[in-house]
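One structure is given here, and the rest of the page talks about it.
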Amino acid sequence: MSEAIPDSSARSEARVELRAVSCAYGSRVALRSVDLTVAGRAVSAIVGPSGCGKSTLLRVLNRMNDGVDGAKVTGSVLLDGADIYRAGVDVVALRRRVGLVFQRPAVFAMPVFDNVAYGPRAAGQRDKRTITRLVESALRRAALWDEVKDRLDGDASALSLGQQQRLCIARALAVEPEVLLLDEPTSALDPGATARVEDLLAELRRTLAIVVVTHSMAQAARVSQTVAFLDGGALVECGETRAMFTRPTDKRTQDFLSGRYRS
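Going by my numbering, the residue at position 132 of the sequence shown is 128; the numbering climbs one at a time, nothing skipped.
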């Protein structure tokens, strides 16, 4: 796959805005007053050293920390201008709008079809034709349909690791989200499977806002339109991908992206 840094020709209006967002787990502060804008129809890459708050930021964006003892989020997270942490928000409905795919594929112990149908069924969809349409559409969008269309009743765990990851992406897509969050989605995959996921992101960003956490600077350069660099829970710098890799304004960013960073 090409190592070229993509341009930013398909930018759109903001879909998610973080305003002075902090997150702490008890006495440990994971995010420190982060201001960040996530655009629609674009891939935003979140990079930084281990433990800098990247995964926490993703969890803040769809309130996955709500069930974590001692977790506290302050500031505002706006989805299309509405604060997702305001009183009365339906968190289940929020997570249908803002899907999250984890680092390692987490397929359910059920057939391929039922894995993808899980979300629509949980949302109350009972019409079999509608569910079948949603499953096929999600698998096609995840570039997996042709590989599994004759195995829909088969055990999902029998798929390759790369196929399982795309199945998890299809499961997230089946509820038709507006924002897709991915936490190091290719870290456990071989180069071929990684390339397929990266190609998939390029296609999905035509209709979605995508936020991807990655430890690979080459991957950030290939797939993203903007890059945000976190260090010590704080946002050091954020900008268009090409500018971040060629003209960063902060020396810490330059050192990290060039591999000279020392924590």
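Glycine included, every Cβ here is placed at the ideal spot set by N, Cα and C.
### Query
Where do the ends of the alpha helix (DSSP H) carrying C234 lie?
Translated into positions along the sequence shown, residue 234 becomes position 238. The continuous stretches of alpha helix (DSSP H) do not include C234, which lies in the beta strand (DSSP E) extending over residues A230 to E236.
### Query
Buried or exposed: R162, going by 16 or more other Cβ atoms within 10 Å of its Cβ?
Taking the sequence shown and counting its residues from 1, the one referred to as residue 162 is at position 166. Flag for R162 reads buried.
### Query
Who are the near neighbours of A139 in its chain, counting only those whose CB is closer than 8 Å to its CB and skipping five residues on each side?
Counted from its first residue, the sequence shown places residue 139 at position 143. Closer than 8 Å at Cβ, skipping near neighbours: R162, R192, D195, L196 and E199.
### Message
Measuring alpha carbon to alpha carbon, tell me which residue in C48, V34, R256 and Y114 is nearest L27.
### Response
Mapped onto the sequence shown, residue 27 falls at position 31. If we check each option's Cα against that of L27, C48 comes out closest.
### Query
CA-CA distance, A205 and G22?
As a first step, residue 205 is located in the sequence shown; it is residue number 209 there, counting from the start. As a first step, residue 22 is located in the sequence shown; it is residue number 26 there, counting from the start. Looking at the two C-alpha atoms, the distance is approximately 31 Å.
### Query
So what's T70 in DSSP terms, helix, strand or just coil?
Here residue 70 refers to the residue found at position 74 of the sequence shown. T70: strand per DSSP, three-state reduction.
### Task
Report yes if the CB atom of S220 is closer than 8 Å to the CB atom of T245, and no otherwise.
Position 224 of the sequence shown, counted from the start, is the residue given in the question as residue 220. Position 249 of the sequence shown, counted from the start, is the residue given in the question as residue 245. Contact: no.
### Message
Please report the straight-line C-alpha distance between T126 and R136, rounded to a whole angstrom.
### Response
The count along the sequence shown starts at 1 and reaches residue 126 at position 130. The count along the sequence shown starts at 1 and reaches residue 136 at position 140. If you take the alpha carbons of T126 and R136, they lie about 15 Å apart.
### Task
Following the continuous beta strand (DSSP E) through R248, name the residue where it begins and the one where it ends.
In the sequence shown, the residue the question calls residue 248 occupies position 252. R248 -> not in any beta strand (DSSP E); alpha helix (DSSP H) instead, spanning K247 to L253.
### Query
With 16 other CB atoms within 10 Å as the buried threshold, where does K247 fall?
Position 251 of the sequence shown, counted from the start, is the residue given in the question as residue 247. By the 10 Å Cβ count, K247 comes out exposed.
### Under the three-state DSSP convention, the category Y21 falls into
If you number the sequence shown from 1, residue 21 lands on position 25. Y21: strand per DSSP, three-state reduction.
### Query
Which ranges would you report for the alpha helix (DSSP H) in the segment 117 to 150 if only whole runs of at least 4 residues count?
124 to 137 and 141 to 144
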